[in-house]
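Here is the structure we will look at, set down as structure tokens.
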Amino acid sequence: MFEARLANGNIFKMIVESIRELVVDVNIDCSTEELSIQCMDSAHVALVSMSLSQSAFDHFRCDRSLSLGLNLPNVSKIFKMMGRDDTMVLKAEDSADKLMLMFENDKSGTIADFELKLMAIEAEQLGVPDTAYKCSISMPSSEFQRIVRDLQVMGDTCKISCTKEGLKFSATGQIGTGNILMRQNVASEKEEDHVTIDMEEPVELNFALRYLNFFTKATPLSPTVILKMSPGLPIVIEYPIEQLGHVKYYLAPKMEE
Amino acid sequence: PLKQGTLFSFFNKP
Numbered sequence: 004m005f006e007a008r009l010a011n012g013n014i015f016k017m018i019v020e021s022i023r024e025l026v027v028d029v030n031i032d033c034s035t036e037e038l039s040i041q042c043m044d045s046a047h048v049a050l051v052s053m054s055l056s057q058s059a060f061d062h063f064r065c066d067r068s069l070s071l072g073l074n075l076p077n078v079s080k081i082f083k084m085m086g087r088d089d090t091m092v093l094k095a096e097d098s099a100d101k102l103m104l105m106f107e108n109d110k111s112g113t114i115a116d117f118e119l120k121l122m123a124i125e126a127e128q129l130g131v132p133d134t135a136y137k138c139s140i141s142m143p144s145s146e147f148q149r150i151v152r153d154l155q156v157m158g159d160t161c162k163i164s165c166t167k168e169g170l171k172f173s174a175t176g177q178i179g180t181g182n183i184l185m186r187q188n189v190a191s192e193k194e195e196d197h198v199t200i201d202m203e204e205p206v207e208l209n210f211a212l213r214y215l216n217f218f219t220k221a222t223p224l225s226p227t228v229i230l231k232m233s234p235g236l237p238i239v240i241e242y243p244i245e246q247l248g249h250v251k252y253y254l255a256p257k258m259e260e
Numbered sequence: 290p291l292k293q294g295t296l297f298s299f300f301n302k303p
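Those protein sequence lines, which keep their order, are chains V and S. So the first sequence is residues 4 to 260, counted in my numbering. So the second sequence is residues 290 to 303, counted in my numbering.
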């Protein structure tokens with residue numbers, strides 16, 4: 004059987020929120036090590052990879068690996084009923100035909116429980132190679148969210164270029180062009196406010212702003228976001244979840260025809 | 290004009 008108890012149930016709720024605009028049906032894979040998700044959007048343009056280590060949980064038992072096939076709109080409806088400070092418990096039998104969810108709150112003494120029917124989902128898995136990227140940028144996730152939101156008024160495509168000058172986001176449309184440049188900045192005492200740029204060689208790639216905006220739904224999970232780019236490769240946008248896991252998005256670039 | 294690529298051109302099926 005599978006049983007997992009997460010004191011800060013809100014983390015799981017935020018993970019669901021970070022994915023649900025990209026995919027509808029998803030398998031959560033449970034192993035003795037972690038809960039993980041790998042899924043693509045229906046257009047096969049973006050891929051989400053989530054991992055939450057068993058060490059994030061107060062209690063974690065997984066007798067044999069299983070996949071929990073979930074419909075995210077339904078899961079999201081259930082999580083709307085979870086309080087901010089609730090503990091979350093997940094339970095499933097090895098047959099994995101239903102998932103028990105419990106939201107407990109010691110302070111108010113409430114226990115809410117839900118039984119969710121699981122689905123068999125045929126998921127296309129992709130082998131994502133471990134690549135050494137030419138540019139790696141760490142920046143405040145709120146800043147990244149603001150930039151990709153603001154640039155939508157200029158156009159549909161965002162050119163992201165990493166040079167010696169810094170990291171530049173550009174969008175061009177009918178009304179003109181907008182550029183936002185982020186320079187390396189490690190002046191603040193708070194590490195989460197730092198912008199660090201590791202560049203081996205300059206990279207310039209074009210991406211759909213619509214997708215970049217979907218990814219910023221993960222902002223509440225992490226104060227920092229890490230962008231990794233190499234010429235002609237999908238960008239990786241990673242939101243680390245403390246030391247316990249991550250939500251990573253891969254987005255295929257737009258290329259010249 | 291730019292064309293949106295898909296992930297299949299970059300990643301393999303395992």
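C-beta atoms are modelled at their ideal positions from N, C-alpha and C, and glycine is treated no differently.
Residues near residue i by beta carbon distance below 6 Å, same chain, minus five either side
i: M202/V; result: C138, C165
i: S52/V; result: Q41, K251
i: Q246/V; result: none
i: P237/V; result: Y253, L254, A255
One or two residues paired with residue i in a DSSP bridge
i: T160/V; result: A211/V
i: Y253/V; result: L50/V, V239/V
i: N11/V; result: Partner(s): none; N11/V has no beta bridge.
i: Q41/V; result: S52/V
i: L71/V; result: I31/V
i: P143/V; result: T227/V
i: A115/V; result: F106/V
i: K292/S; result: M258/V
i: D100/V; result: BP columns for D100/V are empty, so no partner.
i: V151/V; result: Answer by DSSP bridge pairing: none, since V151/V is not bridged.
i: D201/V; result: S139/V
i: L184/V; result: K171/V
i: R64/V; result: E6/V
i: V26/V; result: According to DSSP, V26/V bridges with nothing at all.
i: L129/V; result: In DSSP, L129/V forms no bridge with anything.
Same chain, Cβ closer than 8 Å to residue i, five either side skipped, listed in chain order
i: D28/V; result: G72, L73, N74, L75, M122, I124
i: T160/V; result: A174, T175, N209, F210, A211, L212, K257
i: Y136/V; result: K231, M232, S233, L236, V239
Rounded separation between residue i and residue j - CA only
i: L184/V; j: S173/V; result: 9 Å
i: S4/V; j: Q57/V; result: Note that residue 4/V is Met in the sequence shown here, rather than Ser. If you take the alpha carbons of M4/V and Q57/V, they lie about 15 Å apart.
i: P223/V; j: G179/V; result: 32 Å
i: T219/V; j: S21/V; result: 8 Å
i: K167/V; j: E195/V; result: 22 Å
i: D227/V; j: N216/V; result: Note on identity: in this sequence residue 227/V is Thr, with Asp being the wrong assignment. Distance between the alpha carbons of T227/V and N216/V is about 16 Å.
i: L102/V; j: G158/V; result: 42 Å
i: P243/V; j: S111/V; result: 31 Å
i: L55/V; j: S39/V; result: 6 Å
i: I114/V; j: T90/V; result: 9 Å
i: T134/V; j: N108/V; result: 43 Å
i: D116/V; j: F63/V; result: 18 Å
i: I18/V; j: V151/V; result: 20 Å
i: K94/V; j: E241/V; result: 28 Å
Close Cβ partners of residue i (< 7 Å) along its chain, the five nearest in sequence each way excluded
i: C65/V; result: F5, C33, S34, T35
i: K16/V; result: F82, M85
i: V189/V; result: H197, T199
i: Q187/V; result: G169, V198, T199, I200
i: F147/V; result: T219, V228
For residue j and residue i, believed in contact at Cβ under 8 Å, the rounded distance
i: N209/V; j: K257/V; result: 4 Å
i: L129/V; j: L50/V; result: 6 Å
i: L119/V; j: D97/V; result: With 8 Å as the limit, L119/V and D97/V do not qualify as a contact, their Cβ atoms being about 17 Å apart.
i: E260/V; j: K292/S; result: 5 Å
i: H47/V; j: L296/S; result: 6 Å
i: E207/V; j: K162/V; result: 6 Å
Note to self: Along the region 175-189 of chain V, where does the CB come closer than 8 Å to a CB of chain S? Name the residues.
What the structure shows: Hits within the stretch: zero.
Next item on the list: Output, in sequence order along the chain, the residues in the region 233-258 of chain V whose CB is closer than 7 Å to any CB in chain S.
Entry: Taking 7 Å as the Cβ-Cβ cut-off against chain S, the residues of the region 233-258 of chain V that qualify are L236, P237, Y253, A255, P256, K257, M258.
Margin query: Under 9 Å, CB to CB, which of the residues in the region 114-136 of chain V have a partner in chain S?
Written below: E127, Q128, L129, G130, V131, P132
Check: Mind listing which residues of the region 41-62 of chain V have their C-beta closer than 9 Å to chain S's C-betas, in chain order?
Finding: M43, A46, H47, V48, A49, L50
Checklist line | Residues of the region 216-231 of chain V whose Cβ lies closer than 8 Å to any Cβ of chain S, in chain order | finding: Listed by position along the chain: nothing, the set is empty.
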